[in-house]
Amino acid sequence: MVDENLSVVLSKIKVLNDELRANNPPPEDTGHSAEQPIIYMSLVQGTRGYIEKLSHQINGTYENGWYDACAVMIRRLVETLIIECFESKGIAHKIQNTTGDFVYLSDLISATLSESSWNIGRNAKKSLKALKDIGDKSAHSRRFIAQRRDIDKVMADIRNVVQELIYLASLK
22 MVDENLSVVL SKIKVLNDEL RANNPPPEDT GHSAEQPIIY MSLVQGTRGY IEKLSHQING
82 TYENGWYDAC AVMIRRLVET LIIECFESKG IAHKIQNTTG DFVYLSDLIS ATLSESSWNI
142 GRNAKKSLKA LKDIGDKSAH SRRFIAQRRD IDKVMADIRN VVQELIYLAS LK
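Under my numbering, the residues of the sequence shown are numbered 22 to 193, in order.
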C-alpha cells in the first residue's frame, strides 16, 4: 500500500515538473547573473554585447558551482579579448592561420606578449598564463574537476587580464 501511494505521488510530481518546465522554459538568451563574483560588470559594460553576455555566464556558472564551465568560459573571454586587441589595431592577420581562422590560445598569448603595438603590463603577462592553465585543465583534462578554490586562486588574474585587454582593445 505504501509503495503504491509513493508511486502515485512520484508520478504526480513528475507530471507537475514536466508542466512547470513546459510553461517556464529556460530563457532563450543569456540571463543576467545575480551577483558579480568573478567579472565586475562595470569593467565590461558598454564594450560589446557578447562580452557582457560572456561575463554574465562566467558569473552565473560560479554562482551555481559549475566551476569547470566557469574556467572554460573565462578562457573563452580571454581569447575573445585578445582577438579584440588585434582587430582594434588592424593587425588581426597576425593571429590567423593560412585559412583565416584564429590560432589556438597558446599562440594568441604568445602573439599578445610579443606584439609591439602595445605594452602589456607585467601583472597581466603573468596572469594570462595562469588563466590559460585553469582553462586548459577544465577543457581538456578528463580527470581534472575544477573546484571553487581553483577559480578563487585566479580571481586577481582575471581582473588584471580583463581590464588590461579591454583598454588595449580600446573598448573603454
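We put the beta carbon where it would ideally sit given N, CA and C, even for glycine.
- Glutamine 117 is bridged by DSSP to Phe123.
- By the neighbour-count criterion, in which a residue is buried when 16 or more other Cβ atoms sit within 10 angstroms of its Cβ, alanine 167 is buried.
- Comparing C-alpha distances from aspartate 89 to each of Ile116, His161, Lys146 and Val182 shows the shortest one belongs to His161.
- Apart from sequence neighbours up to five positions away, the residues of its chain that approach histidine 77 with a beta-carbon distance below 6 Å are Thr51, His53 and Ser54, ordered along the chain.
- For the options Ser32, Asp157, Lys110 and Ser28, the alpha carbon positioned closest to that of isoleucine 95 is the one of Asp157.
- Distance check between isoleucine 104 and each of Arg42, Leu31 and Ile72 places Ile72 closest, using alpha-carbon atoms only.
- Pairing isoleucine 116 with alanine 132 gives a Cβ-Cβ distance under 9 Å.
- For glycine 156, the three-state secondary structure derived from DSSP is helix.
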